[in-house]
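Peer 1: Below is a structure I'd like to ask you about.
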Amino acid sequence: MGAKNSATSTGNKQGPDNKPMHKCGEVGSYGSLCNSGKASRADGSRVWERDHVPAKGTLYARAVKRFGPFDPDVAKCVKGKVESRGMAIVIPRKVHRADSETCGSLNKPLMKPDAETKQSMKDAIKRDTDAIQAALDDTECGPAYAAAVKELKEFPFEDMIKEAVKECEG
34 MGAKNSATST
44 GNKQGPDNKP
54 MHKCGEVGSY
64 GSLCNSGKAS
74 RADGSRVWER
84 DHVPAKGTLY
94 ARAVKRFGPF
104 DPDVAKCVKG
114 KVESRGMAIV
124 IPRKVHRADS
134 ETCGSLNKPL
144 MKPDAETKQS
154 MKDAIKRDTD
164 AIQAALDDTE
174 CGPAYAAAVK
184 ELKEFPFEDM
194 IKEAVKECEG
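Last residue of the sequence shown? That's 203 in the working numbering, and every number before it is there in order.
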């Protein structure tokens with residue numbers, strides 16, 4: 034087989050997909066990490082996932098607790114903004130699915146108590162990151178995850194939520 038042709042059927046050339054792949058321990062807003070590219074296995078499954086810390090449902094519940102209730106349009110806007118701006122750490126998909134206490138619908142019973150106060154949010158972050166760290170301790174990912182957690186704990190979640198609500202109600 035010859036070299037791979039990047040021309041499309043219309044004759045336009047497409048640049049190579051040179052988005053960087055996720056690396057374990059990357060930390061940033063959920064929205065910024067979604068554009069980092071994905072490492073995939075031959076079977077198409079993902080190697081990495083972004084883990085919201087705290088869970089996106091908790092971020093929205095905290096917004097409602099502090100500033101709600103919201104009309105439906107504002108609620109939709111706030112949900113989108115806190116999901117996108119909420120912090121996340123890249124971790125192995127298997128660890129996310131097996132060891133995260135808030136992956137998917139697992140967070141439903143935890144959302145309201147975790148969102149009750151600023152301290153309960155901090156406690157949720159500690160609980161969630163401790164569980165993942167325990168799963169990663171004996172892996173190459175462990176030190177990178179620990180460094181990411183330190184960085185994440187400095188993030189001003191309360192300010193981010195307040196700003197998101199302000200923009201949506203604006």
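Note that CB positions come from ideal geometry on N, CA and C, so glycine has one too.
Kindly give me the distance between the Cβ atoms of K89 and G119, rounded to whole angstroms, as I take these residues to be in contact under 8 Å.
Peer 2: 6 Å
Peer 1: Please state whether DSSP places E134 in a helix, a strand or coil.
Peer 2: coil
Peer 1: Counting C-beta neighbours from all protein chains within 10 Å, is the total for A180 16 or more, i.e. buried, or is it exposed?
Peer 2: exposed
Peer 1: Checking the sheet assignment: what are the DSSP bridge partners for H85?
Peer 2: A121
Peer 1: Going by beta carbon distance, what residues of the same chain come within less than 7 Å of V111, once the five residues before and after it are set aside?
Peer 2: Y93, A96, F103, A197, V198 and C201
Peer 1: Given Q166, which residues of its chain have a CB within under 8 Å of its CB, disregarding the five upstream and five downstream residues?
Peer 2: These residues qualify, in order along the chain: G175, Y178, A179 and V182.
Peer 1: How would you label K127, buried or exposed, when you count the other beta carbons within 10 angstroms and need 16 or more for buried?
Peer 2: exposed
Peer 1: Which same chain residues, not among the five before or five after C136, have their C-beta less than 8 Å away from its C-beta?
Peer 2: D84, H129 and R130
Peer 1: Take Q152 as the anchor and find which of K186, D170, G101 and E82 has the nearest alpha-carbon.
Peer 2: K186
Peer 1: How would you call D161, buried or exposed, if buried means at least 16 neighbouring beta carbons within 10 angstroms?
Peer 2: Under this definition D161 is a buried residue.
Peer 1: For T91, count neighbouring C-beta atoms within 10 Å of its own C-beta (all shown protein chains included) and say buried if the count is 16 or more, exposed if not.
Peer 2: buried
Peer 1: Hey, quick one: how far does the alpha helix (DSSP H) through G175 stretch, first residue to last?
Peer 2: G175 to L185
Peer 1: Note down the Cα distance separating E173 from I124, rounded to an integer number of angstroms.
Peer 2: 11 Å
Peer 1: Tell me the residue span of the alpha helix (DSSP H) that contains V198.
Peer 2: Here the alpha helix (DSSP H) through V198 covers F190 to E202.
Peer 1: Once the 5 residues before and after S62 are set aside, which same chain residues still bring their CB inside 6 Å of it?
Peer 2: R118
Peer 1: Quick one: what does DSSP say G90 is sitting in, helix, strand or coil?
Peer 2: helix
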